[in-house]
Amino acid sequence: MAREFTSVGVVGLGTMGAGIVEVFARNGVDVVAVEISETALQRGRATLTGSTDRAVAKGKLAEADRDALLSRVDFQVGLDALHSVDLVIEAVPEHLDLKQRIFAELDRVCKPEAILATNTSSLSVTEISVATTRPNQVIGIHFFNPAPVMKLVEVVRTVVTSADVVADVEALCKRLGKVDVTISDRAGFIANALLFGYLNHAVGMFESHYASREDIDAAMKLGCGLPMGPLALMDLIGLDTAYEILDTMYRRGGRDRRHAPVPLIKQMVTAGLLGRKSGRGFYTYERPGSPVVVPDEQTPVATESALADGARGIMKVGVVGSGTMATGIIEVFAKAGYEVVSVTRGAEKSAKVFESVKTSLNKGVVRGKLSEADRDAALGRINWSATLEHLADVDLVVEAVVEELSVKKALFASLDEICKPGVVLATTTSSLPVIDVAMATQRPADVVGLHFFNPAPIMPLVEVVQTIRTSAETTATAKAVCAALGKTGVVCGDRSGFIVNALLFPYLNDAVKMLEASYSTADDIDHAMKLGCGYPMGPFELLDVVGLDVSLAIQRELYLELREPGFAPAPLLEHLVTAGYLGRKTGRGFRDHTRR
Ligand SMILES: NC(=O)c1ccc[n+]([C@@H]2O[C@H](COP(=O)([O-])OP(=O)(O)OC[C@H]3O[C@@H](n4cnc5c(N)ncnc54)[C@H](O)[C@@H]3O)[C@@H](O)[C@H]2O)c1
Numbered sequence: 002m003a004r005e006f007t008s009v010g011v012v013g014l015g016t017m018g019a020g021i022v023e024v025f026a027r028n029g030v031d032v033v034a035v036e037i038s039e040t041a042l043q044r045g046r047a048t049l050t051g052s053t054d055r056a057v058a059k060g061k062l063a064e065a066d067r068d069a070l071l072s073r074v075d076f077q078v079g080l081d082a083l084h085s086v087d088l089v090i091e092a093v094p095e096h097l098d099l100k101q102r103i104f105a106e107l108d109r110v111c112k113p114e115a116i117l118a119t120n121t122s123s124l125s126v127t128e129i130s131v132a133t134t135r136p137n138q139v140i141g142i143h144f145f146n147p148a149p150v151m152k153l154v155e156v157v158r159t160v161v162t163s164a165d166v167v168a169d170v171e172a173l174c175k176r177l178g179k180v181d182v183t184i185s186d187r188a189g190f191i192a193n194a195l196l197f198g199y200l201n202h203a204v205g206m207f208e209s210h211y212a213s214r215e216d217i218d219a220a221m222k223l224g225c226g227l228p229m230g231p232l233a234l235m236d237l238i239g240l241d242t243a244y245e246i247l248d249t250m251y252r253r254g255g256r257d258r259r260h261a262p263v264p265l266i267k268q269m270v271t272a273g274l275l276g277r278k279s280g281r282g283f284y285t286y287e288r289p290g291s292p293v294v295v296p297d298e299q300t301p302v303a304t305e306s307a308l309a310d311g312a313r314g315i316m317k318v319g320v321v322g323s324g325t326m327a328t329g330i331i332e333v334f335a336k337a338g339y340e341v342v343s344v345t346r347g348a349e350k351s352a353k354v355f356e357s358v359k360t361s362l363n364k365g366v367v368r369g370k371l372s373e374a375d376r377d378a379a380l381g382r383i384n385w386s387a388t389l390e391h392l393a394d395v396d397l398v399v400e401a402v403v404e405e406l407s408v409k410k411a412l413f414a415s416l417d418e419i420c421k422p423g424v425v426l427a428t429t430t431s432s433l434p435v436i437d438v439a440m441a442t443q444r445p446a447d448v449v450g451l452h453f454f455n456p457a458p459i460m461p462l463v464e465v466v467q468t469i470r471t472s473a474e475t476t477a478t479a480k481a482v483c484a485a486l487g488k489t490g491v492v493c494g495d496r497s498g499f500i501v502n503a504l505l506f507p508y509l510n511d512a513v514k515m516l517e518a519s520y521s522t523a524d525d526i527d528h529a530m531k532l533g534c535g536y537p538m539g540p541f542e543l544l545d546v547v548g549l550d551v552s553l554a555i556q557r558e559l560y561l562e563l564r565e566p567g568f569a570p571a572p573l574l575e576h577l578v579t580a581g582y583l584g585r586k587t588g589r590g591f592r593d594h595t596r597r
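The opening residue of the sequence shown carries number 2 in this note's numbering; numbering runs sequentially from there.
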């Protein structure tokens, strides 16, 4: 029989504590909610009432249920109020000495059979537990932010936590409607160990002016389907908390430099820019605690028209190539009203591309998204050619041929000879340096990367890659073209992986390393990232879709360019590729797809 938890205590009513109180009270459990001072208590109470009022306003909670929920919470200053609860969850700031002090005090105050739990994200639950005389009743219950919304709970068992305590807490999580994964005590557990290297890297990109905050966030939202971008997430987590988590993970997790907090984070914390809770972090909010972003001095000003930014007018576009990307890009331009010249290596290839574009447009017609007349007009705007000479008078060329530097360089040298002055020359490369192809021409200022995502007609993101020689006019033109295509163009520098791949693949590689270290299973890791962080797919699901060979190649490029030891491809990934387990395309990757 699982233990009955009729009343619980929550210590610290900040970002996490207030949410944890709500989770329990919503599920019929009485809560003693404890803070350090009257002021902090009032702030915690205001967070809880604010959140439940919003739920009522959205029709997600009946007024009577809200009142019942609030009546279950007893707000108190000081730990003495916790003498008769069955379980305490501590959610005070991420400092080991503070947590140890609180646990020693809880041990003294709470009844002997009470379970003492910490919501720590990165500290050692074991080290916290030894501050008590009952380490076998100490456990990690790691909720995710916002606690009432995110489904995942990581249950952290130390070497001394007793099995019945683990089982009781697991049963409690189910009662709260949460999905739990039980793991051992390692820095960052599953989700944060995979998340924080990525967040820190994104802050590094921002700090080095590699891309703007809006563009970094838009790239990860639109390119990976994440619920929010990394900088917005840092603001939600709180920069002070994020700093402590990174710092602890760095020290506990083998001094991986990727966890050494980027200096900007410390500067922002010192300056009081803590994120949403203080009203300003990477973004500025309506007021402290508000999720509503308001414009500030970094908000890009929308100009009257793109031409005002110096963008050139583009009417006619050449697309070179006949593969998946070229085909999608031809469709995107033709549908958006551009006159398109498609150049392939022969009539046969052109016929194939024509069929693919037609089939795809027909799907739009069947789904009622495109009229037959618009389909015919789009197809009518495409001219099919097998010679580059037909690109003499286009305003923009988009190259999407094979991913080989020598081939691309030769092509750009030819385009340089053929195309009129003022043309913008774009490459869709996803891994080669854009500057290499730019320098194959006599006009590197006119060369830019336009990194579309697959499938191009559907994915809303394009990375606009500017080299150190790209002119502001060329970048403005590329951005204006993206907007005219109905896509979001994010501008970034010419580094391996641009924004999305540079942030995504090291995270996937880290997940493989975690699996390889037998810390958790592929299923639990996938669950943790989906239910704890709102990812649309878990890392192993995504790796099997992308292809393990493709992922390994990207990871190798990142490693070679940045020489970051933490980017070294996971040996398990290399072995799976060698064994021919490439993912869905071969029927087997991390999972066996033939049996599903
Ligand atoms: N922020 C997140 O996204 C997140 C997610 C999961 C877990 N966590 C973990 O949750 C814990 C709390 O983090 P947070 O972001 O909610 O911090 P926070 O700074 O928002 O809140 C901490 C609260 O603890 C209170 N407090 C400080 N000392 C206290 C004491 N002696 N007694 C009672 N209350 C005290 C503070 O007044 C404050 O309200 C940390 O261990 C953190 O790692 C945070």
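Cβ atoms here follow ideal geometry from the backbone N, Cα and C, with glycine treated the same way. Remember, predicted model here, so these are calculated numbers, not experimental data.
Ile555 sits in a helix when the DSSP states are folded into three classes.
The closest CA to that of Ala479, considering only Cys225, Gly311, Gly581, Phe145, is found on Gly311.
In the DSSP assignment, His143 forms a beta bridge with Glu155.
Across the structure, Tyr508 and Leu195 are spaced so that their CA atoms are roughly 6 Å apart. In this structure, Val344 places its C-beta atom within 9 Å of the C-beta atom of Thr388. DSSP places Lys488 outside both helix and strand once states are collapsed to three, so it counts as coil. In this structure, Leu200 keeps its C-beta atom at 9 Å or more from the C-beta atom of Asp218. Taking a 10 Å sphere around the C-beta of Asp236, we find 16 or more other C-beta atoms and assign the residue as buried.
In the three-state reduction of the DSSP assignment, His452 falls in the strand class. For the pair Leu412 and Leu380, the Cα-to-Cα distance works out to about 26 Å. Taking C-beta atoms under 8 Å as the contact rule, Leu14 and Thr48 qualify, at a distance of about 7 Å.
The straight-line gap separating the alpha-carbon atoms of Met538 and Leu462 is approximately 18 Å.
Contact check for Val126 against Asp165 fails: the beta carbons are separated by 9 Å or more.
C-alpha of Val157 to C-alpha of Gly10: approximately 19 Å in a straight line. Distance from Thr325 to Asn502 at the Cβ level is roughly 17 Å; contact not present, criterion being Cβ atoms closer than 8 Å. One alpha carbon belongs to Lys61, the other to Gly319, and they sit about 51 Å apart. With contacts defined as CB atoms closer than 9 Å, Pro540 and Ala569 fail to qualify as a contacting pair.
Under the three-state reduction of DSSP, Glu91 is assigned to strand. Counting only the Cα atoms, Ile140 lies some 28 Å from Lys278.
Boundaries of the alpha helix (DSSP H) around Ser52: 39-58.
Ranked by Cα distance from Asp297, the options Phe207, Ala529, Arg214 are led by Arg214. Between the segment 138-153 and the segment 112-119, the count of Cβ pairs shorter than 8 Å is three or higher; the stretches touch.
Counting C-beta atoms within 10 angstroms of its own C-beta, Asn510 has 16 or more neighbours from the protein chains shown and is therefore classed as buried.
The segment 17-28 makes no contact with the segment 100-107: fewer than 3 CB pairs, one atom from each, lie closer than 8 Å. Sequence-distant partners of Met530 (beyond 5 residues in either direction) whose C-beta falls short of 7 Å from its own C-beta, in its chain, are Ala192, Leu195, Tyr536, Gly539, Pro540. A contact is defined here as three or more CB-CB pairs under 8 Å, and the segment 427-444 meets this definition with respect to the segment 398-417. In this structure, ligand 1 has a non-hydrogen atom nearer than 8 Å to the beta-carbon of Asp241. Glu349 and Val342 have their C-alpha atoms spaced approximately 16 Å apart. Per DSSP, Asp377 is one residue of the alpha helix (DSSP H) stretching across 373-381. Residue range 214-225 is occupied by the alpha helix (DSSP H) that includes Leu223. Under a 10 Å Cβ-count criterion, Pro445 is classified as buried, with 16 or more other Cβ atoms of the shown protein chains found around its own Cβ.
By the 16-neighbour rule on beta-carbons within 10 angstroms, Thr360 is exposed.
Given a length threshold of 4 residues, each whole run of the alpha helix (DSSP H) inside the segment 413-483 is given here in chain order: 435-439. Counting only unbroken stretches of 3 or more residues, the beta strand (DSSP E) elements lying wholly within the segment 63-114 are 74-78, 88-91, in sequence order. In the DSSP assignment, the residues bridged to Lys317 are Glu340.
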